[in-house]
Amino acid sequence: MLNQLWGGGANPAIHPCGCLPAGTANIVANIYLNCNSGRILGHLACELRIYHLTPTPCKWYNGGMLLKIEDLSVSFRNDDGEVNVAAEDVNLELERGEVLGIVGESGSGKSSVSMSVARLLPSPPAFYPKGRILFDGEDTLTMPLPRLRSLRGKKIGVIFQDPMGSLSPLHRICDQLVETILLHEDMSKAAARDMALEWLGKVGIRNIPVIANAWPHELSGGMQQRVMIAMGLMLGPDLVIADEPTTALDVTVQAQVLRLMKALHRANSGVLLITHDLGVVSQMATKLAVMKDGKVIEKSNDPAAFFTAPSHPYSQSLVREARKMELEN
Ligand SMILES: Nc1ncnc2c1ncn2[C@@H]1O[C@H](COP(=O)(O)OP(=O)(O)OP(=O)(O)O)[C@@H](O)[C@H]1O
Ligand SMILES: [Mg+2]
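At position 130 of the sequence shown the residue is numbered 162 (the numbering used here), and the sequence of numbers has no breaks.
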C-alpha cells in the first residue's frame, strides 16, 4: 500500500480575506510502502503551485495591499500607572506603489502609529489596547520577535527624523551600513562593503572613501540624513516608513533629500510618510490622512482635491496656514 504523509514543507500564509495566496510551497512527502513497518522508504520533494481560488478579487493576492492598520489604539503607561492614549481607532491602508502622507500637529499620534508598524516603540511604556497591523497579511503586533527582526531593515525600511539618534556613535559610517547588509543578505564582507559604498554614491555623497570612514558626528545633518536614507532603502524594502525625514534639515537640503527618497525607493514599494509639512505631502503623497488628538479625522485618496477643498474644519485650518506660510516665504 502506498501511503503518503505530507509534512515538512513551507506553510503558505493565509491572507486576511481567507484566501490562499498564489505562489509555491515546497512539500516534502515521506513515502511509506508498507504502513505497518513505518519505515520511510523515500522522500519525494516537490513544489506545489497554489492558485488563488477566491471568487472575488483580493488585494493581498493581487500584490496590491501592503499594509492595513485596523482599529489600532496605542497607549503609554507611565511609572505611576497613568495611561496616555496616543492613538485611537486608527484605520489606514497602503497599497504597493502608494505614498501615504500622515499629517497633523505635534503630539497627534503620527509617530506612535507609524513606529508601531515595525513595533519600534519601547514597550513598556507603549502598549496596544486593540487593533491589528497587517503587513503583507501578517500582524506585526503579534508576530514573534525573530520574524519581526527579519522584516526590519529588509522588508520594512525606516528613515527617522533624527539621524544622529539612529546612527550608532560608536561605529564608522560604512561599518554601520555593512552590518545592516550582512544581517539580512548572504554575502561576503567585501561585497557588502562594495554595496555600502555604492549606496553612499547613490544618496549623493561625493567624497565616498572619506565619508565611509567617518564617525556619524563628523557629518552634517544633511549628510547624516543621506546615510539614513541609504540605510533605509538599500535592501529594497517593500515598505518605507519615513518619520519627518526632512524636519531637521534646512530648506535647500530638504528638497534634495525628498528628491532622493522619491528617486531611490522601489516603484512597487509603499511609503508611509509622516510629516507636519503639507508642502512635503503635496510633493510626495498619492493619498493622505490627517491626524488630530490621536484620531484620523480625514482621509483622502486625492491630495490635489484635498488641498482645494478639505472637509474637516481642522484640515481647513491646516491648509489655510500652509497657504499663508507659502505666501510669506
Ligand atoms: N515614549 C513615550 N512615552 C510616553 N508617551 C509618549 C511616548 N511617545 C509618545 N508619547 C505620547 O503620545 C502622544 C503622541 O505622540 P507622537 O510622538 O506619536 O505624536 P506626533 O504626532 O508624532 O508628534 P510630533 O509631530 O511632535 O513628532 C503624545 O501625547 C506623546 O506625549
Ligand atoms: Mg512624531
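All C-beta atoms, glycine included, are put in the ideal place defined by N, C-alpha and C.
Going by the beta-carbon positions, is the gap between residue i and residue j smaller than 8 Å?
i       : j       : result
Leu-393 : Gly-185 : Outside the displayed span of the chain (33 to 361) sits residue 393, for which this structure offers no information.
Thr-307 : Glu-358 : no
Asn-300 : Gly-129 : yes
Met-323 : Gly-136 : yes
Ile-213 : Ala-224 : yes
Ser-332 : Leu-320 : yes
Glu-127 : Gly-302 : yes
Gly-233 : Ile-240 : yes
Asn-123 : Val-312 : no
Met-442 : Ile-191 : Residue 442 lies beyond the residue range present for the chain, which begins at 33 and ends at 361; the question has no answer from this structure.
Pro-195 : Gln-288 : no
Met-1   : Glu-125 : This structure leaves residue 1 out entirely; the chain is present only between 33 and 361.
Thr-340 : Val-131 : no
Leu-177 : Val-235 : no
Please confirm whether any heavy atom of ligand 1 lies closer than 7 Å to the CB of residue i.
i       : result
Asn-116 : yes
Ser-148 : no
His-308 : yes
Ser-140 : yes
Gly-136 : yes
Pro-154 : yes
Pro-157 : yes
Phe-108 : yes
In chain order, what residues of the same chain have a beta carbon less than 8 Å from the beta carbon of residue i, not counting five sequence neighbours either side?
i       : result
Val-149 : Leu-99, Ile-101, Ile-165, Phe-167, Thr-172, Ile-188, Leu-271, Ile-273, Leu-304
Val-115 : Ser-107, Phe-108, Arg-109
Arg-355 : none
Leu-290 : Pro-277, Thr-278, Val-312, Gln-315, Met-316
Lys-221 : Val-210, Leu-214
Leu-180 : Ala-150, Arg-151, Thr-172
Who are the Cβ neighbours of residue i in its own chain at under 7 Å, not counting the five residues just before and after it?
i       : result
Trp-231 : Leu-209, Ala-262, Met-266
Ser-343 : Glu-330
Ala-119 : Leu-104, Ser-105, Val-106, Gly-141, Ser-144, Val-145, Gly-326
Pro-156 : Arg-109
Among residues of its own chain, excluding the 5 on either side of residue i, which ones have a beta-carbon nearer than 6 Å to its beta-carbon?
i       : result
Arg-352 : none
Gln-348 : Pro-342
Chain C beta carbons: is any one of them nearer than 8 Å to that of residue i?
i       : result
Val-272 : Considering every chain present, this structure includes no chain C. It has just one protein chain.
Just to check, is the beta-carbon of residue i closer than 7 Å to a non-hydrogen atom of ligand 2?
i       : result
Ser-143 : yes
Glu-276 : yes
Assuming residue i contacts residue j under a Cβ cut-off of 8 Å, what Cβ separation, rounded to an integer in Å, is found between them?
i       : j       : result
Ile-205 : Pro-248 : 7 Å
Gly-253 : Leu-281 : 6 Å
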